[in-house]
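As they're listed, the protein sequences go chains U and F.
For the first sequence, the residue numbers in this note's numbering are 174 to 510.
For the second sequence, the residue numbers in this note's numbering are 174 to 510.
Protein chains: 2
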Amino acid sequence: MPTLADIAKISGVGVMSVSRVVNGTRKVSRETEEKVRKAISRIGYEPNEAARMLKGHRARVLGLVVPELADPFFAICANAIQEAAREAGYMTLMVACGHNVAVERQQVELMLRRKIAGLIVIPSSRENDFYSTFLEQKVPIISVDRPLENMETDTLVVDNREAAIQAVEHLQSHGHRNILCLTEEEIVFTTLERLAGYNEAMLTQKLQPRVLVIGSTAGSVRESLPALLNSTPTITAIFAVADVLALEALRELRRLKVQIPEQIAFIAFDDFDAATLMTPTITVAAQPVAELGHTAVSLLLERIKSGSTDAPRRVVLKTSLLIRESCGCGILAKTSK
Amino acid sequence: MPTLADIAKISGVGVMSVSRVVNGTRKVSRETEEKVRKAISRIGYEPNEAARMLKGHRARVLGLVVPELADPFFAICANAIQEAAREAGYMTLMVACGHNVAVERQQVELMLRRKIAGLIVIPSSRENDFYSTFLEQKVPIISVDRPLENMETDTLVVDNREAAIQAVEHLQSHGHRNILCLTEEEIVFTTLERLAGYNEAMLTQKLQPRVLVIGSTAGSVRESLPALLNSTPTITAIFAVADVLALEALRELRRLKVQIPEQIAFIAFDDFDAATLMTPTITVAAQPVAELGHTAVSLLLERIKSGSTDAPRRVVLKTSLLIRESCGCGILAKTSK
DNA sequence: CTGAAAGCGCTAACAT
DNA sequence: ATGTTAGCGCTTTCAG
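Right, here's the structure in full:
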C-alpha cells in the first residue's frame with residue numbers, strides 16, 4: 174500500500190503537491206495535478222486516516238451507543254442516524270451494549286481513544302458519570318429518547334407525557350373509566366413519563382389510576398393479568414406504555430379469548446408492525462423514530478461544527494395517536510359504560 | 174489530554190517504561206510500575222489509537238455493511254455481530270447503505286482507509302468488484318446471508334433451498350396441490366434459492382408451480398392477488414419467500430376476508446413478531462439470525478488471527494420450520510383436497 | 001529491566 | 001505554485 178511519499182517520488186513532485194492534489198486543499202498547476210493523478214491511478218493510493226488524525230484532528234466518525242438493535246425502535250433510530258451521519262460525511266462507530274452499563278462505560282472510553290468527533294447515545298441506565306470525560310475533552314454528546322441526567326448535554330426526546338395523556342383521554346372519550354395502565358419493572362425515563370401522563374389524565378377526570386407492573390420474565394403477564402381482569406370494578410380498557418408489554422398482553426388476552434375492543438379497549442405505545450396485522454388492528458401512540466435519528470445528527474453536527482459550549486438544548490418531538498380499531502373507534506354502536 | 178511522554182516526564186521514567194506499563198507488554202519493575210500508575214491516575218491518560226496504528230498495525234475494528242437496519246433480520250444480525258465483535262475486543266464501524274451499491278462502494282473504501290481488521294458484509298447487490306481491494310490488502314471479508322459472487326471470500330448462508338422445500342412439502346402433506354409461491358421483483362440470492370426450492374418441491378410431486386412476482390410498490394399485492402385467487406384451478410395454499418411479502422399478502426387476505434387456513438393455507442419465511450400475534454398464528458421457516466451473526470464474527474476472527482489465505486469456506490446454517498396454525502395443523506378435521 | 005533514537009504517513013508552517 | 005522541515009503520539013529496535 175503506497176504512501177504519499179511514494180506517489181511523490183514516482184510523479185517527481187514534492188509530497189505537499191501530492192497532498193494538495195489528494196485533498197484539493199489549494200491550487201496546484203494543471204501539469205503537476207496531471208502527473209500526480211497519473212501516478213495514483215497507476216499504483217493506487219489510499220490516504221491513511223490514522224496518520225491524518227495524528228495532527229490533532231478528530232476523526233470524521235460519530236459514536237453511536239444504543240441499548241440493543243434487536244428492538245425495532247432502536248434499530249430504526251440507528252438506521253436513520255447512520256444515514257444522516259453518512260450524508261454529512263461521517264462514519265459511525267456503533268455499540269449495542271445489551272442494556273449493560275458496564276459495557277456502555279467501557280465502550281464509550283474506547284470511542285474516546287479513537288478520537289470520535291461526537292457521540293449520540295441512548296443511555297441504558299441512569300448511571301452516566303463516565304460521560305463527563307467527553308465534555309472535558311470538548312467532544313459533544315447528544316442523548317436521544319432518554320436524557321443523561323445531571324449532564325450538560327443536548328437532549329432529544331419525544332413528548333411521552335403528552336402522548337400518554339392523548340391516549341388515555343381517547344379511551345375516556347369512548348366512555349371508559351376503569352383504564353388499566355400496563356407498565357414495566359425497569360424504571361426508565363420514557364416509561365415514567367408515560368405513566369405520569371396516564372396518572373395525570375386519570376386524576377384530571379377524577380378517575381382512580383390502576384397500574385399493573387409487569388416483571389421482565391416472559392410469563393409475568395400471564396400470572397398477573399387474569400386475576401386483575403376479574404377484579405372489581407371491572408377494567409374496560411388498557412393502556413400499555415411500551416410495545417413489548419402490549420405484545421405480551423395481547424397474546425394473553427387472545428389466550429383468554431377476551432374480545433377487543435368490546436370487552437377490553439386497547440391502546441399501546443409505539444407503532445409496531447403487528448399493530449396493523451392483528452384482528453382488530455391496534456390503536457397506538459406513534460413516535461417519529463426516524464426523525465428522532467435525523468434530528469439527533471443535525472443537532473450534534475451543529476455542535477461539532479460551531480464548537481459552541483452554549484447551554485445545552487432540549488428538543489422535544491411530538492408523537493401522534495394512530496387511531497385504528499382496538500380503541501373502539503371501529504365499533505359503530507358504542508354504548509357508554 | 175496528556176500523552177505518554179507527559180506521563181514519562183511526570184513519573185520520572187522513560188517513555189518506553191510507560192508504554193510497557195500501559196500495554197503490559199513486558200516485565201517492568203514494581204516501583205516503576207507504581208510510579209507510572211500514580212502519574213496516570215493523577216493527571217489521567219488515554220492512549221491515542223491513531224498513533225498506535227501508525228506503526229502499521231490495523232485497528233481493532235471490524236467493518237459491518239448491511240443494506241439497512243430497519244429490517245429486523247438485518248438488525249438482529251447486526252446486533253449479534255456487534256456483540257460478538259465487542260466480546261472479542263473489536264469495535265464495529267457500521268454502515269447501513271440503504272440497499273444502494275454506490276453508497277456501499279464508497280463507504281467500503283472509507284473503511285479501508287480507516288485500516289479495519291476485517292469486514293462483514295451483507296451485500297446489497299450482485300455488483301461487488303470493489304471488494305477486491307480488500308483481498309489485495311489481505312483484509313479478510315466474510316459475506317453473510319448472500320454470497321459475494323466471483324470473490325474468493327468466506328461465505329455464511331442459511332440453507333434457503335432446503336427451507337423452502339420443507340415448507341412446501343409440509344403444505345403438500347396437508348393435501349395441497351395448488352400452492353402459490355409469492356416472490357419479489359428484486360432478484361436477490363436468497364429469494365432465488367427459495368424459489369428454486371419451491372419449484373423443486375413442486376416438480377418432485379409433479380405439481381405445477383405457480384409463482385406470483387410482487388413489485389416493490391405497496392399496492393402491488395392488492396392488484397394482483399385477488400385475480401389470482403379466483404383463477405382456476407383454485408389455489409389452496411401460499412408460500413411467501415420473505416416476511417415483507419407475507420405481511421402484505423396477509424393484510425390483503427384479511428381484507429378479502431379469506432379464511433386462513435381453511436380457504437388458504439399459509440407458510441412464510443422468517444419468524445416475524447406478528448407471526449405469533451395474528452389469528453391464526455403463522456407457520457414460518459425461521460432462520461437462526463443471531464447465530465448467523467455470531468458465526469460470522471468467529472469465522473472472520475479466525476482469518477484475521479491466522480492470517481491464512483486458504484481456500485474460502487462456505488458455511489451453511491440450517492433453518493427450522495416453526496409449525497403453527499396457518500398451515501392447517503391446528504385444524505383437526507382436515508380433509509384432503 | 002530500562003532508555004534513547006528512529007520513524008510510521010501525513011499535514012501545518014515556513015521557505016522558495 | 002511548489003518544496004522542505006518538523007513534528008503529531010506511539011512502538012519497534014537496539015544499546016545499555
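We put the CB at the ideal spot given by N, CA and C, even for glycine.
U:Arg486 and F:Ile213 have their alpha carbons spaced roughly 34 Å apart. Rounded to whole angstroms, the gap between the alpha carbons of F:Ala463 and F:Arg225 is 33 Å. In chain order, Asn333, Ala337, Val414 place their CB closer than 6 Å to the CB of F:Arg367, counting only its own chain and leaving out the 5 sequence neighbours on each side. In this structure, U:Asp318 lies away from U:Leu472, with their beta-carbon atoms at least 8 Å apart. For F:Gly271, the nearest beta carbon of chain U is closer than 8 Å to its own beta carbon.
Put simply, the CB of U:Ile249 is near chain F, with a gap under 8 Å to one of its CB atoms. Assigned with DSSP and collapsed to three states, F:Met264 falls in strand.
Inclusion of F:Arg286 and U:Glu222 in the CB contact set at 8 Å is warranted, their separation being smaller than that value. Chain order gives the chain U residues near F:Ala223 as Ala223, Met226, Leu227, Lys288, where near means a beta carbon separation below 7 Å. Taking a C-beta cut-off of 7 Å against chain F, the contacting residues of the segment 296 to 312 of chain U are Gln310, listed in chain order. Under the Cβ distance rule, U:Met189 does not count among the residues neighbouring chain F, no pair being separated by less than 8 Å.
If one requires a minimum length of 4 residues, the alpha helix (DSSP H) runs lying completely within the segment 349 to 401 of chain F are 362 to 377, in chain order.
From the beta-carbon of U:Arg424, the residues of chain F found nearer than 9 Å are Thr449, Leu450. As computed with DSSP, F:Ile293 is found in a beta bridge with F:Leu237, F:Ile315.
The segment 270 to 282 of chain F and the segment 297 to 309 of chain F touch, with three or more beta-carbon pairs separated by less than 8 Å. Around U:Gln255, the beta-carbon contacts reaching into chain F at under 8 Å are Leu242, Met267, Val268, Ala269.
For U:Val330, the uninterrupted beta strand (DSSP E) segment begins and ends at 327 to 331. Between F:Tyr371 and F:Arg424, the alpha-carbon positions lie close to 23 Å from each other.
With a beta-carbon spacing of about 6 Å, F:Met264 and U:Leu266 fall inside the 8 Å limit used to define contacts.
By the beta-carbon neighbour count (other beta carbons within 10 angstroms, threshold 16), U:Leu401 is exposed. In this structure, U:Val188 sits near U:Leu177, with a CB-CB distance shorter than 8 Å. Here F:Phe247 carries a helix assignment [DSSP, helix/strand/coil]. When rounded, the separation of the alpha-carbon atoms in U:Thr407 and U:Asn351 is 7 Å.
Spanning the alpha carbons of U:Pro313 and F:Glu219 requires a straight line of approximately 18 Å. The three-state secondary structure of F:Ala441, taken from DSSP, is strand.
Taking 8 Å as the upper bound for CB-CB distance, F:Val470 and F:Ala257 are in contact here, some 4 Å apart.
Distance from the CA atom of U:Ala181 to the CA atom of U:Arg193, rounded to whole angstroms, is 11 Å. Here U:Ala458 carries a strand assignment [DSSP, helix/strand/coil]. Residue-level contact check: U:Asn196 does not touch chain F, since none of the beta carbons of chain F fall below 8 Å from its beta carbon. U:Pro320 does not reach chain F, its nearest Cβ partner there being about 24 Å away, counting only Cβ pairs nearer than 8 Å. Around F:Asn351, no beta-carbon contact reaches into chain U at under 9 Å, the shortest distance being about 25 Å. Assignment of F:Ile411 by DSSP, reduced to helix, strand and coil, places it in the strand class.
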